[in-house]
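Positions -7 to 144 (my numbering) are the ones given, in order, by the sequence shown.
Here is the structure we will look at, set down as structure tokens.
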Amino acid sequence: MTSKEITTNAQVEDTIWVFECYLDGHDVGVNAVAFSNDGQFVASSSEDGSVRLWNTKTKRQIIDIKNSNGIYGVAFSPDGQLLALASEDKTAIVWNLITGEQLLKLEGHSDWVVGVAFSPDGRLLASASHDETVILWNPTTGEQLLKLEGHS
């Protein structure tokens, strides 16, 4: 995975900095990427079911999550302790990044889950699916709170 960051300053001299970093680890294409709120970590996911967690300062991979199905979305909780995954096996998966263990596998969609997002306060997790629904979950208990239908 290659990324570039372009930064400018507001001082008298017009300076543009370009930072480039190459993070190598996936065997096939990367489907999704997300930064933790503090910018310390970046997560990337792939069709091969792998999810890599990278330290942005050291550029080193610190966690390698293996899933048997493709992962098409990743999202950090606001506090950076949880990572949600959108899986082609019709589930949203929640990992505890402190323990490095899977916390929940959320079932409720009838087709691929293609996106996940936490609410700003971290009390809700939304999963979006090709089944034209969005489900709101409690990300710590796994309780399904609301199913929104009507997307096409």
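We treat Cβ as the ideally placed atom computed from N, Cα and C, and that holds for glycine.
Since the structure is predicted, the reported quantities are computational estimates derived from the model, not experimental observations.
Between Glu80 and Gly107, the CB-CB gap reaches or exceeds 8 Å.
With respect to Gly72, Phe33 sits close: the two C-beta atoms are nearer than 8 Å.
Every unbroken stretch of the beta strand (DSSP E) spanning 3 or more residues and falling wholly within the region 55 to 140 is given here in chain order: 63 to 68, 74 to 79, 83 to 88, 93 to 99, 105 to 110, 117 to 121, 125 to 129. Going by DSSP, Ser37 is part of the beta strand (DSSP E) stretching over 33 to 38.
For Ser42, the enclosing beta strand (DSSP E) starts and ends at 42 to 47.
The three-state reading of DSSP puts Asn29 in coil, since its state is none of H, G, I, E or B. In this structure, the alpha-carbon of Asn47 lies about 13 Å from that of Leu89. The shortest C-alpha to C-alpha distance from Gly21 to any of Phe27, Ser28, Val43, Asn29 is the one to Val43.
Between the alpha carbons of Val126 and Ser119 lies a distance of about 5 Å. In this structure, the beta-carbon distance from Thr83 to Glu99 falls below 8 Å. The closest CA to that of Asp40, considering only Trp129, Arg52, Gly31, Asn59, is found on Asn59.
The straight-line gap separating the alpha-carbon atoms of Pro70 and Asn130 is approximately 14 Å. Around the beta carbon of Leu96, 16 or more other beta carbons sit within 10 angstroms, so the residue counts as buried.
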